[in-house]
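**Student:** Supplied in structure tokens, the structure appears directly below.
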Amino acid sequence: MSDRAIKMAIQAGVILAVIVALPYKVFELDRYFVPKELILHAAALIVAVALFARRRSLSFDVVDGLLALFLLWSVGASLFATNHWLAQRSVSVSISAAIIFWGARSVAPGSYRPILIAAGIAAVCAAVFSLGQAYGLDSEYFSSNRAPGGTFGNRNFVAHIAVIGLPALIWSTVTARQQFGALLGSIGGALVAAALVLSRSRAAWLAVAASLVVLLVPMIASRKYWRGGHVGGRFARLTLAAAIGGAVAIVLPNSLNWNSESPYLDSARGMMDYKKGSGRGRLAQYKNSLHMAASNPVFGVGPGNWPVEYVRFAPSGDRSLADDGMTANPWPSSDWVAFISERGFVPTIALLGVFVILFFSSLRRWGDLGNPEAVLAQCVLAGTVVATMVVSAFDVVLVLAAPAFLVWSILGATSGIRRGMREVSMSPPWLGVAAAALILASLISTARSVTQTIAMTSVGQGGLTAGWVTGASWDPGSYRINLRVAELYSRRGRCSVARGYARQAVSLFPNSPEAKRVARNCD
Numbered sequence: 001m002s003d004r005a006i007k008m009a010i011q012a013g014v015i016l017a018v019i020v021a022l023p024y025k026v027f028e029l030d031r032y033f034v035p036k037e038l039i040l041h042a043a044a045l046i047v048a049v050a051l052f053a054r055r056r057s058l059s060f061d062v063v064d065g066l067l068a069l070f071l072l073w074s075v076g077a078s079l080f081a082t083n084h085w086l087a088q089r090s091v092s093v094s095i096s097a098a099i100i101f102w103g104a105r106s107v108a109p110g111s112y113r114p115i116l117i118a119a120g121i122a123a124v125c126a127a128v129f130s131l132g133q134a135y136g137l138d139s140e141y142f143s144s145n146r147a148p149g150g151t152f153g154n155r156n157f158v159a160h161i162a163v164i165g166l167p168a169l170i171w172s173t174v175t176a177r178q179q180f181g182a183l184l185g186s187i188g189g190a191l192v193a194a195a196l197v198l199s200r201s202r203a204a205w206l207a208v209a210a211s212l213v214v215l216l217v218p219m220i221a222s223r224k225y226w227r228g229g230h231v232g233g234r235f236a237r238l239t240l241a242a243a244i245g246g247a248v249a250i251v252l253p254n255s256l257n258w259n260s261e262s263p264y265l266d267s268a269r270g271m272m273d274y275k276k277g278s279g280r281g282r283l284a285q286y287k288n289s290l291h292m293a294a295s296n297p298v299f300g301v302g303p304g305n306w307p308v309e310y311v312r313f314a315p316s317g318d319r320s321l322a323d324d325g326m327t328a329n330p331w332p333s334s335d336w337v338a339f340i341s342e343r344g345f346v347p348t349i350a351l352l353g354v355f356v357i358l359f360f361s362s363l364r365r366w367g368d369l370g371n372p373e374a375v376l377a378q379c380v381l382a383g384t385v386v387a388t389m390v391v392s393a394f395d396v397v398l399v400l401a402a403p404a405f406l407v408w409s410i411l412g413a414t415s416g417i418r419r420g421m422r423e424v425s426m427s428p429p430w431l432g433v434a435a436a437a438l439i440l441a442s443l444i445s446t447a448r449s450v451t452q453t454i455a456m457t458s459v460g461q462g463g464l465t466a467g468w469v470t471g472a473s474w475d476p477g478s479y480r481i482n483l484r485v486a487e488l489y490s491r492r493g494r495c496s497v498a499r500g501y502a503r504q505a506v507s508l509f510p511n512s513p514e515a516k517r518v519a520r521n522c523d
């Protein structure tokens, strides 16, 4: 029963995390991220309870140990963060994603198929909403910025989900039990390809190319495990469908207002251009972020605290800074730059080790598996690792709830089919400590996401001032809400009330010019 609960929580969660969003446009990023985080944390809570419910002992290997080191070090780094609210939120995504990984790994021998199918469906759902926006569908849940972002608010995030879920979608198609399932998979492949083209995401395009190059030899080697003529024929049809989908996306008129007459060709030409434009800005950002890491090599500046501290290291005119003196985005343009600058070198190396070990273990000892579908699932593991490593080098993936959910559910389901490395058993006392810690962390994370959702709802549905004040009471860690309340009261001359909110905003972002200005006006 516990295994079934784990499987269903992961299946439902990985799809829901792609779909959910809030309509409150004043919270342009958080209205997408917070509900997805809520789904991740709620699923992780269910998995954690089910994982430890009937188990008297657990075994772990090198991968589990490195992942645990990454989490423990991240928790330690959060203690030294300037903004503990951001630190808790960032670490909670990592902890919940790890729980999903361990849960998927524990049920993988009998449940890897439904989990991979759910991952493929999630990728198609992301593509469908993105294409809907591109071809005229209007919704208050969509954002006009970085369209067509669908239920992610940013087309790059859609592309990340699509390319990470693509190996699982391919596997689900070529191993489908029925021809109708294979047909649906091919249609899904066409939709995903179209969304990838319209996204103009160079990171996603590079990930597709890298996956093809790296997996060419393993796919050829796996041919002897292909079941009759189904796999080859279905793969060919899926490839054709994807090519048609991409071509149709290029020629079919859409509602996107590109600034170029040849936007897709321009994106392809600029894939490796770091001498100008966003590429040059990204390199400058990496350099400044590494200065942050060098000044805090052990624990970094704290999980999630990159936007809090980056302004101290960025020179004037830095492309990562907005007009208000804050960072344009709440993260750097790379997971690995984020981890190094926010958590230090040790946990970053540990997490990198997890991906390296999973990749090379996926290409070994296929003969021990016996089941041809399990062998092909190892190609999914390798492909997912490659795609994740590429997109995470150019953008954030693992620090965001929805892509992290997708990545770790696939990695857990495919790596758990076999456990080829030496395992160590966890004694009951330590098992109890681990269970209590993970369940408590999931409870706190879920509660925090609930209060953030209520805060945004209060602002979106409440009065001009009353809604913001109610939101601040539900989410005291929100810089945006506290600053807005301080501004509202300051304009009315009610500094006695505004002062507390302004000071709270300054404590959350000490380098914010706007927060310090409001605080000075009321001192």
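Numbering follows our numbering, in which position 432 of the sequence shown is assigned residue number 432; successive positions increment by one, without gaps. Glycine residues also receive a C-beta, built at the ideal position from the N, C-alpha and C atoms. These numbers were taken from a predicted model, which means no experiment stands behind them.
Thinking C-alpha only, which one of ARG365, ALA53 and ARG312 is nearest GLY325?
**Tutor:** Reading the sequence shown from its first residue, position 325 is the one you call residue 325. The residue with the shortest Cα to Cα distance from GLY325 is ARG312.
**Student:** At what residues does the beta strand (DSSP E) containing PHE142 begin and finish?
**Tutor:** Taking the sequence shown and counting its residues from 1, one reaches residue 142 at position 142. That residue, PHE142, is in no beta strand (DSSP E); it is neither H nor E in DSSP.
**Student:** Please give the ranges of any alpha helix (DSSP H) in the stretch 358 to 423, keeping only runs that are unbroken, at least 4 residues long and fully inside the region.
**Tutor:** 372 to 394 and 401 to 415
**Student:** Distance, Cα to Cα, ILE100 vs HIS160?
**Tutor:** As a working note, residue 100 is residue 100 in the sequence shown. As a working note, residue 160 is residue 160 in the sequence shown. Looking at the two C-alpha atoms, the distance is approximately 19 Å.
**Student:** Using a threshold of 8 Å, state whether the C-beta atoms of SER392 and LEU398 are closer than that.
**Tutor:** Position 392 of the sequence shown, counted from the start, is the residue given in the question as residue 392. Position 398 of the sequence shown, counted from the start, is the residue given in the question as residue 398. Inclusion of SER392 and LEU398 in the CB contact set at 8 Å is warranted, their separation being smaller than that value.
**Student:** Mind reading off the beta-carbon distance from VAL14 to ALA118? Whole number of angstroms is fine, and I expect it under 8 Å.
**Tutor:** Taking the sequence shown and counting its residues from 1, one reaches residue 14 at position 14. Taking the sequence shown and counting its residues from 1, one reaches residue 118 at position 118. Yes, they are in contact, since the Cβ atoms of VAL14 and ALA118 sit about 5 Å apart, within 8 Å.
**Student:** At a cut of 8 Å, does the stretch 350 to 358 reach the stretch 120 to 139 through at least three beta carbon pairs?
**Tutor:** no
**Student:** Closest by CA to SER507, which one among LEU381, ARG480 and LEU443?
**Tutor:** Within the sequence shown, the letter at position 507 stands for residue 507. For the residues LEU381, ARG480 and LEU443, the minimum Cα distance to SER507 belongs to ARG480.
**Student:** What separation, rounded to the nearest whole angstrom, lies between the Cα atoms of VAL49 and ALA9?
**Tutor:** Within the sequence shown, the letter at position 49 stands for residue 49. Within the sequence shown, the letter at position 9 stands for residue 9. So the two alpha carbons sit approximately 11 Å from each other.
**Student:** Which one of LEU29, VAL47 and GLY136 has the shortest CA to CA distance from ALA441?
**Tutor:** Reading the sequence shown from its first residue, position 441 is the one you call residue 441. Of the listed residues, the one whose Cα sits closest to ALA441 is VAL47.
**Student:** With DSSP collapsed to three states, give me the class of SER333.
**Tutor:** The sequence position of residue 333 within the sequence shown is 333, counting from 1. DSSP places SER333 in coil when its eight states are reduced to three.
**Student:** Among the candidates TYR135, PRO330 and TRP336, whose CA atom is the shortest distance from the CA of PRO253?
**Tutor:** On the sequence shown, residue 253 is found 253 positions in, with the first residue counted as 1. Here the closest residue by C-alpha is TYR135.
**Student:** Just the Cα atoms here: how many angstroms apart are ARG448 and LYS7?
**Tutor:** Indexing the sequence shown from 1 puts residue 448 at position 448. Indexing the sequence shown from 1 puts residue 7 at position 7. Rounded to whole angstroms, ARG448 to LYS7 spans 25 Å at the Cα level.
**Student:** The alpha helix (DSSP H) spanning LEU524 covers which residue range?
**Tutor:** Any question about residue 524 goes unanswered here, given that the chain covers just 1 to 523.
**Student:** Under 8 Å, with one C-beta from each stretch per pair, do the stretch 359 to 372 and the stretch 301 to 310 reach the 3-pair mark?
**Tutor:** no
**Student:** What do you reckon, are the CB atoms on ILE170 and LEU212 nearer than 8 Å?
**Tutor:** Reading the sequence shown from its first residue, position 170 is the one you call residue 170. Reading the sequence shown from its first residue, position 212 is the one you call residue 212. No, the Cβ-Cβ distance between ILE170 and LEU212 is not below 8 Å.
**Student:** Could you compute how far the alpha carbon of ARG499 sits from the alpha carbon of VAL197?
**Tutor:** Here residue 499 is taken as the residue at index 499 of the sequence shown, counted from 1. Here residue 197 is taken as the residue at index 197 of the sequence shown, counted from 1. Between ARG499 and VAL197, the C-alpha separation is close to 49 Å.
**Student:** Put PHE345 into one of helix, strand or coil per three-state DSSP.
**Tutor:** By 1-based counting over the sequence shown, the position of residue 345 is 345. PHE345: helix per DSSP, three-state reduction.
**Student:** Can you give the Cα-Cα distance for GLY416 and ASP64, rounded to whole angstroms?
**Tutor:** Within the sequence shown, numbered from 1, the residue matching residue 416 stands at position 416. Within the sequence shown, numbered from 1, the residue matching residue 64 stands at position 64. Straight-line Cα distance between these residues: approximately 11 Å.
**Student:** Can PHE525 and PRO347 be called in contact, C-beta distance under 8 Å?
**Tutor:** Residue coverage of the chain in this structure runs from 1 to 523, which leaves residue 525 outside it and unanswerable.
**Student:** If you drop the 5 nearest sequence neighbours on each side, which residues of the same chain put their C-beta closer than 7 Å to that of ILE19?
**Tutor:** As a working mapping, residue 19 is identified with position 19 in the sequence shown. Cβ neighbours of ILE19 beyond the five flanking positions: CYS125 and THR151.
**Student:** Could you check whether the stretch 105 to 122 touches the stretch 169 to 189, counting it as contact only if at least three pairs of C-beta atoms, one from each stretch, sit closer than 8 Å?
**Tutor:** yes
**Student:** What residue from TRP226, ALA5, VAL485 and LYS287 has the CA that sits closest to VAL174's CA?
**Tutor:** The residue you call residue 174 lines up with position 174 of the sequence shown. Here the closest residue by C-alpha is TRP226.
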